[in-house]
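Residue numbers (UniProt numbering): 1 to 466.
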């Protein structure tokens, strides 16, 4: 990178930093703190008032530090980490903010500098898919499975063109979501999978908070955070995001719908097999057996939820987080069996969404599947059990819920159920540091949280356990 006539080079902490104009003293001080944290392989929580050019300073400081890494250090990291960047093993930088509009603003700031890293931006299919048939599906789960089916069958022209036209995308292309969709539409190339391809070679990856803080989302999008620098900008509400990413709620109505969906699949699969086969083949028998096991499991969960004793005065009760394992254990769900359960649920969801003739959605099965993944996600520190971790960081709350207005606000709920009463099982994380600690445990090199207002910093740092 060479500075243009408008750019100025300032040496900060022995690192030449290119800046679009003469930085203010507060910007120099801010960049000093960022570079020190990166040089010392430490985390940082930094405040910078609105209007002080925080995002620009953050990007310039981080990219200049990365660019100046000496070869011996790079070689050492190469040996220790699988998360190698495209430039000889330099760590990738993940820049996360709350909304895509904030990410677009950060990308706009990056374009005003002389830095031209390889960039990718991660988004959802709702934002990036341009296949009208996939986008016509009602729920996100249906879109995911419709997309997977088309990709597997190589029937999506846009996906097929990614390999054919990927090299036509300039290395200097620094897109926000709208520009990526525009590029994909113009070239009839899938923006969603193009972004994933660009991610593997990117120096700098932009994404919303939840993509980095939620383990399930990281796995879905193939986001490897080992040896990365994670920047969480506009982090003033990060505690709530951390807690929400590790929590779930399920109702007896949700479970009832899961049972209906499994019943529907059982009937459909059996009738379909009897129509075309004189006797059931082994594969069909195994499928029906799996579905029958799922139905039995959901019936057991439904029964267990109904039998929980609630306090008569308010129809609710609170239990320690470890109770979730006792509750699920009654249905045979535990550390050993949950993997098979996840596979069976995924197969059922795929069946519901792949066959247009069924006219069913997989909303409730998907919601249950996500709940199971939360309970059994992550890893435990040495000497710590899942039950102990849950007791430290979670509470289980059960309530008899007859507030239909509240239930309808649940984004997962799309039915017209007229039942006025249901039981709600909540598994709530009350420690934002749980998600942050899990992030650090995955081998992140440095985490930098920054915003205009994070005070009081001491309590903020304590809550996030950084």
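Note that the Cβ used here is the ideal one computed from N, Cα and C, for glycine as well.
Burial state of residue i (16 or more Cβ within 10 Å)
i, result
"residue 131", "buried"
"residue 108", "exposed"
"residue 345", "buried"
"residue 80", "Annotation note: pLDDT 45 at residue 80 (below 50); position unreliable, no value reported."
"residue 366", "buried"
"residue 135", "exposed"
"residue 318", "exposed"
"residue 329", "exposed"
"residue 24", "exposed"
"residue 27", "buried"
"residue 378", "buried"
"residue 21", "exposed"
"residue 83", "Reliability fails at residue 83, whose pLDDT of 47 lies under 50, so the model's placement of it is uncertain and no value is given."
"residue 182", "exposed"
"residue 16", "exposed"
"residue 191", "buried"
"residue 459", "exposed"
"residue 62", "buried"
"residue 150", "buried"
"residue 219", "exposed"
"residue 451", "buried"
"residue 274", "exposed"
Residue of the options minimising C-alpha distance to residue i
i, options, result
"residue 175", "154, 234 and 101", "101"
"residue 236", "228, 145 and 96", "96"
"residue 263", "243, 124, 292 and 246", "292"
"residue 352", "68, 166, 7 and 260", "260"
"residue 468", "295, 348, 375 and 14", "Because the chain is modelled from 1 through 466, residue 468 falls outside the range shown and cannot be assessed."
"residue 59", "47, 35 and 40", "35"
"residue 294", "312, 317 and 333", "333"
"residue 441", "372, 466 and 430", "466"
"residue 7", "14, 13 and 18", "18"
"residue 137", "377, 433, 362 and 378", "362"
"residue 120", "178, 156 and 69", "178"
"residue 117", "156, 98, 395 and 90", "90"
"residue 392", "47, 380 and 400", "380"
"residue 123", "9, 217 and 31", "217"
"residue 305", "43, 289, 254 and 45", "254"
"residue 128", "115, 114 and 143", "143"
"residue 387", "325, 401 and 447", "325"
"residue 184", "448, 227 and 159", "159"
"residue 168", "103, 323, 186 and 447", "186"
"residue 242", "38, 426, 433 and 30", "433"
8 Å contact criterion, which residue i and residue j should meet: CB distance rounded
i, j, result
"residue 55", "residue 233", "6 Å"
"residue 202", "residue 92", "7 Å"
"residue 398", "residue 310", "7 Å"
"residue 221", "residue 211", "6 Å"
"residue 251", "residue 429", "Incorrect: roughly 19 Å between the Cβ atoms, too far for contact."
"residue 371", "residue 246", "Their Cβ separation, rounded to whole angstroms, is 11 Å, which puts residue 371 and residue 246 out of contact at 8 Å."
"residue 390", "residue 321", "3 Å"
"residue 189", "residue 165", "5 Å"
"residue 464", "residue 239", "7 Å"
"residue 468", "residue 266", "Residue 468 is absent from the model: the chain starts at 1 and stops at 466."
"residue 342", "residue 373", "7 Å"
Beta strand (DSSP E) segment containing residue i, residue limits
i, result
"residue 236", "First-last for residue 236: undefined, no H or E at that position."
"residue 318", "316-320"
"residue 225", "Note, residue 225: premise wrong, no beta strand (DSSP E); not H, not E."
"residue 13", "From DSSP, residue 13 is part of no beta strand (DSSP E); its letter is neither H nor E."
"residue 97", "93-97"
"residue 44", "44-47"
"residue 120", "119-121"
"residue 25", "First-last for residue 25: 25-39, but that is the alpha helix (DSSP H), not the beta strand (DSSP E)."
"residue 205", "204-208"
"residue 194", "It is not in any beta strand (DSSP E) - residue 194 instead sits in the alpha helix (DSSP H) that spans 191-201."
"residue 427", "422-429"
Residue range of the unbroken alpha helix (DSSP H) whose run includes residue i
i, result
"residue 444", "Neither: residue 444 is in no alpha helix (DSSP H) and is coded neither H nor E."
"residue 251", "It is not in any alpha helix (DSSP H) - residue 251 instead sits in the beta strand (DSSP E) that spans 248-251."
"residue 144", "140-153"
"residue 113", "Taken as a continuous stretch (DSSP letters only), residue 113 belongs to no alpha helix (DSSP H), as it is neither H nor E."
"residue 64", "54-67"
"residue 324", "323-329"
"residue 465", "Unbroken run through residue 465: none, as it is neither H nor E."
"residue 455", "Per DSSP, residue 455 belongs to no alpha helix (DSSP H) and is neither H nor E."
"residue 132", "132-135"
"residue 126", "125-128"
Residue-chain proximity (residue i, chain D), Cβ-Cβ < 8 Å
i, result
"residue 201", "Any reference to chain D falls outside this structure, which holds one protein chain only."
Complete runs of the beta strand (DSSP E) confined to the segment 331-408 [at least 3 residues]: Runs of beta strand (DSSP E) with 3 or more residues, each lying fully within the segment 331-408, are found at 394-401, listed in chain order.
Minimum length 4: unbroken alpha helix (DSSP H) runs contained in the segment 281-311: Here the runs fully enclosed are 282-307.
Segments of 4+ residues assigned as alpha helix (DSSP H) that fall wholly inside the segment 151-184: Taking only runs of at least 4 residues, the alpha helix (DSSP H) segments lying wholly in the segment 151-184 are 157-165.
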